[in-house]
């Protein structure tokens, strides 16, 4: 993008909506997105920091008057400077508390949307972090009333927010004080934590009001960072045109701290994730923005679970479509019809299906009861059956054409009556043996070669019998012997065709077993990966909660620390549940219905196959 565009706008009637142009831009971004948003009071210099993150001096409108320039939420998508094949999405919000706008409800929703869409949220303020500055961040206190994590009612939902919320970076602009407490120097982060220290003991309602915004910040944003920046310049004329000023004209400490801020964002702002596991691309981010703004405009609280479920439905449908398209395209590309053997066809099908299942597993998420995977399995089976039929038809057509060419002389001789002579049966047999020999030498007949040959031989039995009866060179005993010999050869051919068909059916069944194994193995691997990510997420949350607990104890807030201790216990129980080995049991129950269409004998071996896949993966 050459310049920012407005992502979320305010309509004349005060409702928020997603700008179609911005949505279209996001829909074309297939890379994972790192979403960094900035909020803060109007005219605090938010846009300058965002331009720096974009690597530009200009882009987001800085403004040089007391009027707030940024309206709604503006978006700028640029290549991530340090993460290859990632897109950095910068969101610059309209200034909160704009006196000319005078719409507190709009401010709250802008803040909520920023929290919901970002993986890192920057709160920008001026002066110091004092009680007044914290109270101006009152939007944090209203989050639980405005946002829902789950569609169902959850009394302890507030404790869940930290699982889903972005990292929180507080940038303090135009800071003029010394960074010290009781005469001892402190870091920027220690300055923030000192400002968030609770008043203990909490005896009066006034104390509760004083502590409440701090408790909310600590609870909802356990991952916190602070950057204290001095004024960029004392020259007012330069201050009003920062986008045109080079770094060497600004205060060195301001330039250095701004660079540290950018470096931190580039290193620690993670990819935006859906439901904690699924990396979001631009298209998903646009859909999320659409879902949340529609909910707000309709008077509902935006719900994370509902939005993610809606996105998963779209993504899973697309995953099935892309996987099936890949299977069909690759099969048409790789299979030369007719294949020489059934195994050759099934091996190519297995290779293409493995790739298709990988495509599905990479893109799909939240596939409840494996509904979409079952749909893919059934669709691939249907397409495989169509291609098997095409393979058979190609084999029949090729063999019929081959026999038509090989039997020209035979058919002419029969028509001319050339074999209705003494010794004609022997000549007929020799010509038939010659045709069968030439036919069998051809290696490209395909899987219906023997069946077509049997049909051809059957079609000539009547002609052969007529020639045999009329052959005066043979006596009745010799004719009977030849007839019995012909009958034996016919039975032998029939058995051969039957055996070949049985072998091919077994090969098809083996292919379906392989298909099921592929799906089971990939599913188990994906579920194991999700389990690992869940464990990692829980361990991270435990670490953050424990850090907060210890910090509260050091600050003398033992009572508040007990809340975190209880949350840690709940997380440890959750981790134990994740580690249980019974998680795979529903796999077979959910997938067994599709085995009826794949191969009947799968029904007997499916459950064992699931257990073996689990054991094999866990023993790695």
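Residue numbers (our numbering): 389 to 1008. For every residue, glycine included, the Cβ atom is placed at its ideal position computed from N, Cα and C. All values derive from a computational prediction rather than experimental measurement.
For residue 461, which three-state DSSP category applies?
For the purposes of this step, residue 461 is taken as the residue at position 73 of the chain shown. The answer is strand: DSSP assigns residue 461 an E or B state.
Could you please give the first and the last residue of the uninterrupted beta strand (DSSP E) stretch that includes residue 615?
Sequence index remark: in the chain shown, residue 615 carries index 227 (1-based). 612–616 is the span of the beta strand (DSSP E), which, as asked, contains residue 615.
Checklist line | residue 466 beta carbon less than 8 Å from that of residue 389 | finding: Position 1 of the chain shown holds residue 389. Position 78 of the chain shown holds residue 466. Yes, they are a contact pair.
- Assigned exposure category for residue 770 - 16 Cβ within 10 Å defines buried: Start at 1 with the first residue of the chain shown, and residue 770 comes out as number 382. Exposed is the call here.
Along the alpha helix (DSSP H) that carries residue 674, what are the first and last residues, could you check?
In the chain shown, the residue the question calls residue 674 occupies position 286. From DSSP, the alpha helix (DSSP H) with residue 674 extends over 670–685.
| said: At the level of alpha carbons, what is the spacing between residue 604 and residue 565? | reply: To locate residue 604, count along the chain shown from 1; it is residue 216. To locate residue 565, count along the chain shown from 1; it is residue 177. Going by the C-alpha atoms only, they are around 26 Å apart.
Counting pairs of Cβ atoms below 8 Å between the region 660–669 and the region 717–733, do you hit three or more? no
**Q.** Expected contact under 8 Å - CB spacing of residue 606 and residue 584 to nearest Å
**A.** For the purposes of this step, residue 606 is taken as residue 218 along the chain shown, with counting starting at 1. For the purposes of this step, residue 584 is taken as residue 196 along the chain shown, with counting starting at 1. Indeed, because the Cβ distance is near 6 Å, the residues count as touching under 8 Å.
How long is the line joining the alpha carbons of residue 474 and residue 421, rounded to whole angstroms? Here the question's residue 474 lines up with position 86 in the chain shown. Here the question's residue 421 lines up with position 33 in the chain shown. Their backbone Cα atoms lie some 6 Å apart in a straight line.
Residue 811 to residue 849 span [Cα, whole Å]: Position 423 of the chain shown, counted from the first residue, corresponds to residue 811. Position 461 of the chain shown, counted from the first residue, corresponds to residue 849. Approximately 17 Å between the Cα atoms of the pair.
Taking the alpha helix (DSSP H) that residue 691 belongs to, which residues open and close that run? Within the chain shown, residue 691 is the residue found at index 303, counting from 1. Counting along the chain, residue 691 falls outside any alpha helix (DSSP H), and DSSP gives it neither H nor E.
Looking at the strands, I want to know which residues DSSP matches up with residue 397.
Numbered from 1 along the chain shown, position 9 holds the residue referred to as residue 397. 405.
How would you call residue 880, buried or exposed, if buried means at least 16 neighbouring beta carbons within 10 angstroms? Here residue 880 refers to the residue found at position 492 when the chain shown is read from its first residue. Exposed, by the Cβ-count rule.
Review point. Skipping 5 residues on each side, what residues in its chain have a beta carbon closer than 7 Å to that of residue 743?
Key: The residue you call residue 743 lines up with position 355 of the chain shown. Excluding residues within five positions, the ones whose Cβ falls inside 7 Å are 714 and 718.
**OP:** Would you mind sorting residue 800 into buried or exposed? The rule is 16 or more other CB atoms within 10 Å of its CB.
**Re:** For the purposes of this step, residue 800 is taken as the residue at position 412 of the chain shown. By the 10 Å Cβ count, residue 800 comes out exposed.
Exercise. Round the Cβ separation of residue 738 and residue 899 to the nearest angstrom and send it over; I've been treating them as touching at under 8 Å.
Key: Here residue 738 is taken as the residue at index 350 of the chain shown, counted from 1. Here residue 899 is taken as the residue at index 511 of the chain shown, counted from 1. That belief holds up - the Cβ atoms of residue 738 and residue 899 are roughly 7 Å apart, short of 8 Å.
Proximity winner among 745, 476 and 593, relative to residue 760 (alpha-carbon distances)
Stepping through the chain shown from its first residue, residue 760 is reached at position 372. Ranked by how close their Cα comes to the Cα of residue 760, the residues 745, 476 and 593 have 745 in first place.
- request: Look at residue 563 and residue 618 and say whether their C-beta atoms are less than 8 Å apart.
  value: Here the question's residue 563 lines up with position 175 in the chain shown. Here the question's residue 618 lines up with position 230 in the chain shown. In this structure, residue 618 lies closer than 8 Å to residue 563 by Cβ.
| task | Report yes or no: do the region 778–793 and the region 832–851 share at least 3 C-beta pairs separated by less than 8 Å? | result | yes
Consult DSSP for residue 666 and reduce its assignment to one of helix, strand or coil. As a working mapping, residue 666 is identified with position 278 in the chain shown. It is a strand residue.
According to DSSP, is residue 429 part of a helix, a strand, or is it coil?
In the chain shown, residue 429 corresponds to position 41, counting from 1. Strand.
Fill in: Proximal residues to residue 400 (C-beta, below 8 Å), its chain only, five neighbours per side dropped
Residue 400 sits at position 12 when you count from the first residue of the chain shown. Counting only Cβ-Cβ distances below 8 Å, and skipping sequence neighbours, we find nothing.
For residue 837, count the other beta carbons within 10 Å of its own beta carbon; 16 or more makes it buried, fewer makes it exposed. Which is it? Along the chain shown, one-based indexing puts residue 837 at 449. Within a 10 Å sphere around the beta-carbon of residue 837 sit 16 or more other beta-carbons, which makes this residue buried.
- Identify the residues that DSSP records as bridge partners of residue 480: which are they? Locating residue 480 in the chain shown gives position 92, where the first residue counts as 1. Beta-bridge pairing links residue 480 to 426 and 462.
**Q.** Integer-rounded CB distance, given that residue 427 should sit under 8 Å from residue 516
**A.** In the chain shown, the residue the question calls residue 516 occupies position 128. In the chain shown, the residue the question calls residue 427 occupies position 39. Going by Cβ atoms, the distance from residue 516 to residue 427 rounds to 18 Å, so no, they are not a contact pair.
Q. Going by other Cβ atoms of all chains shown within 10 Å of its Cβ, with 16 needed for buried, is residue 768 buried or exposed?
A. Position 380 of the chain shown, counting from 1, holds the residue named residue 768. Burial call: buried.
Once you ignore the five residues that flank residue 443 on each side, which residues in its own chain have a CB closer than 8 Å to its CB?
-> The sequence position of residue 443 within the chain shown is 55, counting from 1. Once the five neighbours on either side are set aside, the close Cβ partners of residue 443 are 466 and 469.
### Query
According to DSSP, is residue 557 helix, strand or coil?
Indexing the chain shown from 1 puts residue 557 at position 169. Three-state result, residue 557: strand.
Fill in: Backbone CA spacing between residue 701 and residue 411 [nearest angstrom]
Reading the chain shown from its first residue, position 313 is the one you call residue 701. Reading the chain shown from its first residue, position 23 is the one you call residue 411. Going by the C-alpha atoms only, they are around 19 Å apart.
Worksheet item: With respect to 7 Å, is the separation between the Cβ of residue 869 and the closest non-hydrogen atom of the ligand GDP below this value?
Response: With respect to the ligand GDP, the structure offers nothing, as it holds no ligand at all.
Stretch pair the region 492–506 + the region 679–697: three plus CB contacts closer than 8 Å: yes
Q. Does the Cβ of residue 750 have 16 or more other Cβ atoms within 10 Å, making it buried, or fewer, making it exposed?
A. Position 362 of the chain shown, counting from 1, holds the residue named residue 750. In the assembly as shown, residue 750 is an exposed residue. Its beta-carbon has fewer than 16 other beta-carbons within 10 Å.
Please report the residue range of the beta strand (DSSP E) in which residue 512 lies.
-> Taking the first residue of the chain shown as 1, we reach residue 512 at position 124. From DSSP, the beta strand (DSSP E) with residue 512 extends over 508–514.
### Between the CA atoms of residue 579 and residue 572 - distance to the nearest angstrom
Stepping through the chain shown from its first residue, residue 572 is reached at position 184. Stepping through the chain shown from its first residue, residue 579 is reached at position 191. Approximately 11 Å, taken between the alpha carbons.
Exercise. For residue 455, is the classification buried or exposed, using 16 other Cβ atoms within 10 angstroms of its Cβ as the cut-off for buried?
Worked result: For this step, residue 455 is matched to residue 67 along the chain shown. Note that residue 455 scores a pLDDT of 40, beneath 50, so its modelled location is shaky; the value from the coordinates is reported in the next line. Result: exposed.
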